[in-house]
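Notes follow once the structure below has been shown.
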Amino acid sequence: MDRRNGSPIRSLLRPVEAYIAWDLRDVARIVIAVWIGSFVWPAMAQQQPEAGRPLFRFGWLSQPKPAQQPPAPWGRLSAPAELKLGQETVGWLPRGTIVYVKEAQQDWLLVQAEDKTGWIPTKTVQPPQRLAEQVLGFRIAPAVLQPVGEILSRNGHFAHVGAMGPTLFVVWDGHDQQTDGIAPASLILSPRGDRLAYVLKRGEKYCVVLDGQAGPLFDAIVKDTLLFSPDGRRFAYAAKMGDSHLVVLDGQPQRRFEGIGPGSLVFSPDGQRLAYVAGRDEKQFVVVDGRVGPRFDGISPGSLVFSPDSQRFAYVAKQAENRFVVLDGQKSPPFEAIVKDSLLFSPDSRRFAFAAAEGEKHRVFVDGQPDPEFDDILPGSLRFSPDSLHLAYIAQQEGKYVVVMDGQIGPRFFGVAELRFSPDGRRFAYGASLGVNKQSVVLDGQPGPEFEGIYADSLRFSPDSRHVVYAAFVGNRRFIVINHQPGPAFDAIVKDSLLFSPDGRHFAYGAGRANKRFMILDGRPDPEFDGVLSPLFTPDSRRFAYEAIQANQRFVVVDGQPGPACQAVIKGTLHARSDGLITYYAIIDRHFWHIVHTP
């Protein structure tokens, strides 16, 4: 693996790769199959539900009638149009909600609309005396049966391109909008998921559609340049017009250049500043806040980095055979190479570090001062502590690996991984290999018990910094280790399931015996399923949820109670809101649903 950026930087003056409009002929086989299916499933949806079918399945809500239920506005949720209970039609709900209430002895539906509110029991007509759980279900659109390309999800929202018959749709939070000429790989969601942008071809020109509004037409849109600011309020991309290239920022064209570096656009953390790589007259330079920087033979596009306070800026440049770090407009001394992904500001933005190669030796420079020389510095291993007082990284020396903390070299190991500072910055841990089938976690400088293996990416501190946990195994026994004390043994530990609550008072993880999996919260196991994944706590730490798999059905389990059975829970949409609601998008009876679990 090449750890340096020493290879020649490709010229920006070559023809810029543009998004190509989607050619329906390339997906003929897929859309024909979906098109045939589009004749079948509406007929199936018209069948009356069988008697006694459990109300837990929202598929009882029939297709809306166009004359009485107009299409929902783009980006908004609509309630089910008609509710059928056996053979009884309850009524049309053009702008309402349906609440599912599950109690120990009785199931209920609460119908709320502008002109009516009523309780509909499954067995009796008595009003509910006690509410044990509420699940709100909003049916929003038919499921697009064949996604084209990747399904994007962020912060409880999702979007993708789908095909139904010969037509392409953009599907955003379940709502579909017919779109001709879209580039499926161009979809991008804002960090909060509440804004959507993509590239569209119109005739021989291209434009960017943002929040449903098409922008100006260009000859091409530069690939991998669509970008939202971290707060989602600002948006930028690069385009080609004739022989020139330009950045469009918040809908306004910027200065024109001969080339714009693909993937080089970077917003500052506060969203107020924008930087990118541009080219002119066989030279490359960085444009920050619209101002052109010094010219070099090359700029490493992936090296542009702002400080956390957005006030400072650094990047890697090439001049002849030398490489430089440009920090706040000032060049460093020349180096043979700069270690990839090593430019790093401290959390308080006052300190700066990077790793560079000088001949056969590598060293880290912190605030302009060199650390000891090593045979190698592992790319991406530099870590500042949360309080900005300490810097740690992994180095290679004489065939062994060491952790360097504030310039002090630690003990040698056969391997080192997962450098972790506690949230308060006072504690430090990492995984170390002591030999064949001998691994340990070093906590505050002291090695813990030895195991045959430590699970990758399992080491973490609690939010209050008091506890450290990780997953380990010996033979066929898998267990969670808390503060170096192993817990009960299982046949499996579910990957990426170790989770502390935000207040640090609760801890959950997934485990398994034989072919069954279950979540364990504060030492108490939940019911068994075929699979469990995606655990989360609400921000106030009071509620806990996760996704479960049983046979061909999916459930979201909230506070130990399974929600409605789904054919699919849209990946990445399970979300815990600050008001205590737990939400997700799912496919139930061939329709998209927005499910909300209330406290």
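Counted the way my numbering counts, the sequence shown spans residues 98 to 696. Just so it is clear, CB atoms sit at the ideal spot from N, CA and C, and this is done for glycine as well.
For residue i, is the classification buried or exposed, using 16 other Cβ atoms within 10 angstroms of its Cβ as the cut-off for buried?
{"i": "Glu247", "result": "exposed"}
{"i": "Leu265", "result": "buried"}
{"i": "Gly356", "result": "buried"}
{"i": "Arg602", "result": "exposed"}
{"i": "Pro239", "result": "buried"}
{"i": "Ala631", "result": "One point to set straight first is that residue 631 is Ser, not Ala, in the sequence displayed. Buried: at least 16 other Cβ atoms inside 10 Å."}
{"i": "Gly253", "result": "buried"}
{"i": "Ser478", "result": "buried"}
{"i": "Pro398", "result": "buried"}
{"i": "Ala414", "result": "buried"}
{"i": "Phe378", "result": "Per the sequence presented here, residue 378 reads as Asp, with Phe not at that position. It counts as exposed."}
{"i": "Gly312", "result": "buried"}
{"i": "Ala648", "result": "exposed"}
{"i": "Ser443", "result": "buried"}
{"i": "Pro161", "result": "Reliability of the predicted coordinates at Pro161 is poor, the pLDDT of 28 falling under 50, and the value obtained from them is presented with this limitation in mind. That one is buried."}
{"i": "Pro170", "result": "Caution applies to Pro170, whose pLDDT of 25 falls short of 50 and renders its modelled position unreliable; the model cannot decide the point."}
{"i": "Val533", "result": "exposed"}
{"i": "Ser594", "result": "buried"}
{"i": "Pro281", "result": "buried"}
{"i": "Glu515", "result": "buried"}
{"i": "Asp619", "result": "exposed"}
{"i": "Gly54", "result": "With the chain covering 98 to 696 only, the question about residue 54 has no answer from this structure."}
For a quick check, are the C-beta atoms of residue i and residue j less than 8 Å apart?
{"i": "Leu293", "j": "Asp273", "result": "no"}
{"i": "Tyr552", "j": "Ile491", "result": "no"}
{"i": "His564", "j": "Ile579", "result": "yes"}
{"i": "Ile617", "j": "Ala608", "result": "yes"}
{"i": "Gly368", "j": "Arg331", "result": "yes"}
{"i": "Gly329", "j": "Pro288", "result": "yes"}
{"i": "Gly694", "j": "Gly660", "result": "Sequence check: residue 694 is His here, not Gly. Yes, the Cβ-Cβ distance between His694 and Gly660 is below 8 Å."}
{"i": "Phe558", "j": "Arg575", "result": "no"}
{"i": "Leu297", "j": "Ile285", "result": "no"}
{"i": "Thr322", "j": "Leu371", "result": "no"}
{"i": "Val655", "j": "Phe604", "result": "no"}
{"i": "Gly572", "j": "Glu549", "result": "yes"}
{"i": "Arg639", "j": "Ala673", "result": "no"}
{"i": "Asp316", "j": "Gly300", "result": "no"}
{"i": "Val241", "j": "Ala256", "result": "no"}
First and last residue of the beta strand (DSSP E) that includes residue i?
{"i": "Ile646", "result": "Phe641 to Gln647"}
{"i": "Cys304", "result": "Lys302 to Leu307"}
{"i": "Lys535", "result": "Lys535 to Leu540"}
{"i": "Gly376", "result": "Leu371 to Arg377"}
{"i": "Tyr567", "result": "Val565 to Val571"}
{"i": "Asn419", "result": "Asn419 to Leu424"}
{"i": "Ser530", "result": "Phe525 to Gly532"}
{"i": "Leu401", "result": "That residue, Leu401, is in no beta strand (DSSP E); it is neither H nor E in DSSP."}
{"i": "Tyr682", "result": "Ile679 to Ile685"}
{"i": "Glu515", "result": "Gly512 to Phe518"}
{"i": "Ala351", "result": "Residue 351 is actually Gln in this sequence, not Ala. Its beta strand (DSSP E) spans residues Gln349 to Phe354."}
{"i": "Val591", "result": "First-last for Val591: undefined, no H or E at that position."}
{"i": "Lys458", "result": "Lys458 to Val463"}
{"i": "Arg251", "result": "Gln243 to Arg251"}
{"i": "Ile491", "result": "Leu488 to Gln494"}
{"i": "Ala611", "result": "From DSSP, Ala611 is part of no beta strand (DSSP E); its letter is neither H nor E."}
I believe residue i touches residue j by the beta-carbon criterion, under 8 Å. Please report the beta-carbon distance rounded to the nearest angstrom.
{"i": "Phe354", "j": "Ala336", "result": "Between Ala336 and Phe354 the Cβ distance is about 12 Å, and since that is not below 8 Å, they are no contact."}
{"i": "Pro636", "j": "Pro585", "result": "Rounded, the Cβ-Cβ distance is 30 Å, inconsistent with contact."}
{"i": "Tyr734", "j": "Val666", "result": "Not covered by the structure: residue 734. The range shown for the chain is 98 to 696."}
{"i": "Phe634", "j": "Pro624", "result": "About 19 Å separates the two Cβ atoms, so there is no contact after all."}
{"i": "Phe403", "j": "Phe410", "result": "5 Å"}
As a quick exercise: from the options, pick the residue whose alpha carbon is nearest that of residue i.
{"i": "Gln505", "options": "Arg524, Val533 and Glu470", "result": "Glu470"}
{"i": "Ala434", "options": "Gln416, Met338, Phe449 and Arg447", "result": "Gln416"}
{"i": "Phe510", "options": "Pro624, Ser537 and Val319", "result": "Ser537"}
{"i": "Gly542", "options": "Val500, Ala568 and Val653", "result": "Val500"}
{"i": "Gly456", "options": "Phe432, Ala489 and Gly278", "result": "Phe432"}
{"i": "Tyr63", "options": "Ala489, Val319 and Gln658", "result": "The requested residue 63 is not part of the displayed model; the chain covers only 98 to 696."}
{"i": "Asp473", "options": "Lys437, Leu343 and Gly545", "result": "Lys437"}
{"i": "Val513", "options": "Ala526, Ser519 and Asp521", "result": "Ala526"}
{"i": "Arg621", "options": "Gly532, Val384, Gly390 and Tyr606", "result": "Tyr606"}
{"i": "Asp464", "options": "Leu488, Val241 and Ala454", "result": "Leu488"}
{"i": "Ile396", "options": "Asp686, Arg523 and Lys428", "result": "Lys428"}
{"i": "Ala453", "options": "Asp656, Ser365 and Leu475", "result": "Leu475"}
{"i": "Asp686", "options": "Ala662, Gly669 and Ala673", "result": "Ala662"}
{"i": "Gly628", "options": "Ser638, Lys613 and Phe462", "result": "Lys613"}
{"i": "Asp394", "options": "Asp386, Asn419, Arg352 and Leu401", "result": "Asn419"}
{"i": "Ser530", "options": "Pro544, Asp521, Leu595 and Ser519", "result": "Pro544"}
{"i": "Phe325", "options": "Gly528, Val245, Asp291 and Gly572", "result": "Asp291"}
{"i": "Pro327", "options": "Ser365, Pro546 and Ala333", "result": "Ser365"}
{"i": "Gly61", "options": "Val423, Ser407, Asp425 and Val345", "result": "No information on residue 61 is available, as it lies outside the stretch 98 to 696 that the chain covers here."}
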